[in-house]
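Q: Quick note: to get the numbering used here, add 931 to the position in the sequence shown (first position is 1).
All C-beta atoms in this analysis are idealised placements derived from N, C-alpha and C, irrespective of residue type, glycine included.
This one's a predicted model, so the numbers in the text were calculated from it and none came from an experiment.
So that we are looking at the same thing, I have put the structure below in C-alpha cells.
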Amino acid sequence: MIARFAGRPPSYWGLEAPRVLTYLPQGPAGIALTLDFCGGPGGDGADLTIIDLLRRLQVPATLFLNGRWITANPALTQDLAADSLFEIANHGTNHYPLSVSGAAAYGISGTEGAGSVYDEIMINNARLTELTGKRPRFFRPGTAYLDDVAADICLALDLIPAGFSLNADGGATYPAVMVAAETGAAVPGSIIIAHGNHPGSGTGPGLAQALPHLLAKGRTFTTLSTAMTP
C-alpha cells in the first residue's frame, strides 16, 4: 500500500469523498441504522438500552467498533458479534480521521501517510476478524472524515468506506427530541449514523421514540451488507 499510494496528493477532505457509501443502492433496500462505538476518554461506555431496544423490535443494525472500545468491552463485543441481528464493522484502531496528509477533524489529528492509513484500518480489522470469525466488509474512520486517497486505500484493502446520509445524534450531543426528529426523517436508502457508546445521552431515548413510529409507517431496516448484496 505504501509503494502504491506514496506521493499521491489528496484532492478532497470531508465526509463524502468519492466512492464513500453515503446512501444505499437504489431499490427496496430499506433503512440502514449504523451505530458507532468510539471508545477512548469518555467514550468507553455502552448504551445497553439501545441494544435491548433493537433486539425487542428486531431492528438490524451495523455496529462500527473501534479498537479502544473493544479493549474496554471484550465480553460485550463477543455478545454483539454472536447476535445475527447485528453486523460488526470496523471503526478504526485509534479513532483517527483517515488522511494521507495528517489533516484534522474536530481537533483530532488524522493519520499521515499510506502506512499510517493501513495501520488504522488493518490492525483493528485483524482483531475483529479474530474475535468474530468474519472479516468486516465496511470501514468508517474516526469522525467519519477521510480524503479521497485514503478512501482508495480502504477500497484496495477490500473494505467499503462507509459514510452516512443522516446524522441522528450529532456525535451523541443531541437531546432526545432532536434525535427522534432526525431519525424519523429517514427514508428508504438512508444510512443513519448514531452512537451506542454514550449511555445517558439523548441517543437511546430518541431512538426509542423514533423507531416504533418508522416501523408503524411500514419502514424496514437492513444491515449494510444485506443492502449491498445483489
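Hey, out of Val1031, Asn1098 and Phe1070, whose CA is closest to Leu1086's CA?
A: Phe1070
Q: Where Phe936 and Glu1051 are concerned, what is the direct C-alpha to C-alpha distance, given to the nearest angstrom?
A: 15 Å
Q: Which same chain residues end up closer than 6 Å to Arg939 when comparing Cβ atoms and leaving out the 5 residues on each side of it in sequence?
A: Val1080
Q: Give me the residue from Phe968, Pro1161, Leu1088 and Ala1103 with the minimum Cα distance to Ile933.
A: Ranking Phe968, Pro1161, Leu1088 and Ala1103 by Cα distance to Ile933 puts Leu1088 first.
Q: Alpha carbon to alpha carbon, what distance is there between Tyr1037 and Ala1057?
A: 27 Å
Q: Could you name the residues of the same chain whose beta carbon sits closer than 6 Å to that of Asp978, not counting the 5 residues immediately before and after it, in chain order?
A: Gly1127, Pro1130 and Gly1135
Q: Roughly how many whole angstroms lie between the Cα atoms of Asn1004 and Leu1155?
A: 23 Å
Q: Tell me the DSSP secondary structure of Pro1092 in three-state form.
A: The answer is strand: DSSP assigns Pro1092 an E or B state.
Q: Can you pull the DSSP bridge partners for His1126?
A: Answer is Asp967.
Q: What separation, rounded to the nearest whole angstrom, lies between the Cα atoms of Gly1023 and Ala1147?
A: 35 Å
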